[in-house]
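Below: the structure, in structure tokens.
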Amino acid sequence: MRDENPLLDKDGQPYSRVNFKHNKQKALCSLKGVLTGVICDQKLKPSELLYLESWLNDNEFLQDDADTADLLDAIGDVLNDGMITDEEHEDIFCLLEDVIAYKTLDDSKCKDHMNVLIGILKGITADADINDAEVLFFKKWLSENLDIANIWPVPKLTEKLDQILLDGVITSEERKDLYQLVTMLIGNDFSETGDAADSPTQSFDSVLNISHKDKCFCFTGKFKQLKRVQLEDKAKSLGAVIAKKIPTLSTDYVVVGSLSSRDWLYSSHGLKIQHAKKMQESGHHISIISEDQWLASL
């Protein structure tokens, strides 16, 4: 029987049952990561709780989750006066620890570890700062989850952390550099935007002139304007060559569909982007651009 009132995504597109279950699992992994990132330095700030409240309210896949309801109630009570008493700090800290400890996830999956990681990145930057305790925790967490060591963006993060910890001293400039890298990777700075929702546009490359003649394009994801084959035909009419599967050494551009960009990391199109990112880090000249960027170049 068809669902008369299906849950819609931010673009008004209905989720399939498979996608809903998949995205619910991703949301739970992200929740575990965000909470872990927020409390990993054993402190709680009003700004972190404000971020957490906004993030929980924005995540449609957690709206029927009992732990989310409890968290929102507790955070709302604390934020009423803008202060956190010692008793409130202890109570809400214990609640966050309990959710982390008892949330059931399949920790054997690399994809789950990656979603937890993205959540941790959001959690440790929720207060617009990364302190020494968070740096050390982050390094320890990555060293304990080596199954994702070679998955983008982990190598980039590991390299930055190794540089920071090389001399045994963590400077304010190093913390600032790490914060800028993390906010670039997650595509959002809550302290500037006030928006806790995922916004991956910063992960697209800035390309001034997108040329087509004798250039190789790889289209991936779900597009809002036309079907993928129509977009590929348009590119070919302008002199481009199309890569049908994963990007190759001859690929110049990977174009990501607008209806896919928010959830790009662990679907089939997300794997193409990971592949392109690895090629970039190896020195290959390949650009990752959005559907809107490509359309603007026509």
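Everything in the sequence shown is counted per full-length UniProt numbering, starting at 1 for the first residue and increasing by one. The C-beta atom is built at its ideal place from N, Cα and C for all residues, glycine as well.
For the pair isoleucine 120 and glycine 33, the CB atoms are nearer than the 9 Å cut-off. Within the same chain, Cys29, Lys32 and Gly33 come within 6 Å of valine 116 by CB-CB distance, once the 5 residues on both sides are set aside. With a contact defined as Cβ atoms closer than 8 Å, tryptophan 152 and lysine 277 qualify at about 4 Å. Under the DSSP definition of a beta bridge, serine 290 partners with Val256. Under the criterion of beta carbons closer than 8 Å, cysteine 216 and serine 250 qualify as touching, at roughly 5 Å. Between leucine 181 and leucine 157, the alpha-carbon positions lie close to 8 Å from each other. Taking the Cβ atoms as the reference, leucine 49 lies roughly 6 Å from leucine 79, within the contact range of under 8 Å. Leaving aside the five residues that flank leucine 295 on each side, the residues in its chain whose CB is nearer than 8 Å to its CB run, in chain order, Gln225. Cβ-Cβ separation between threonine 183 and glycine 123: approximately 13 Å, too far for a contact (criterion under 8 Å).
The shortest C-alpha to C-alpha distance from asparagine 145 to any of His113, Asp162 and Glu174 is the one to His113. The shortest C-alpha to C-alpha distance from isoleucine 118 to any of Glu291, Lys236 and Val38 is the one to Val38.
When the five nearest sequence neighbours on each side are left out, the beta carbons in the same chain lying within less than 6 Å of the beta carbon of phenylalanine 137 are those of Cys40, in order along the chain.
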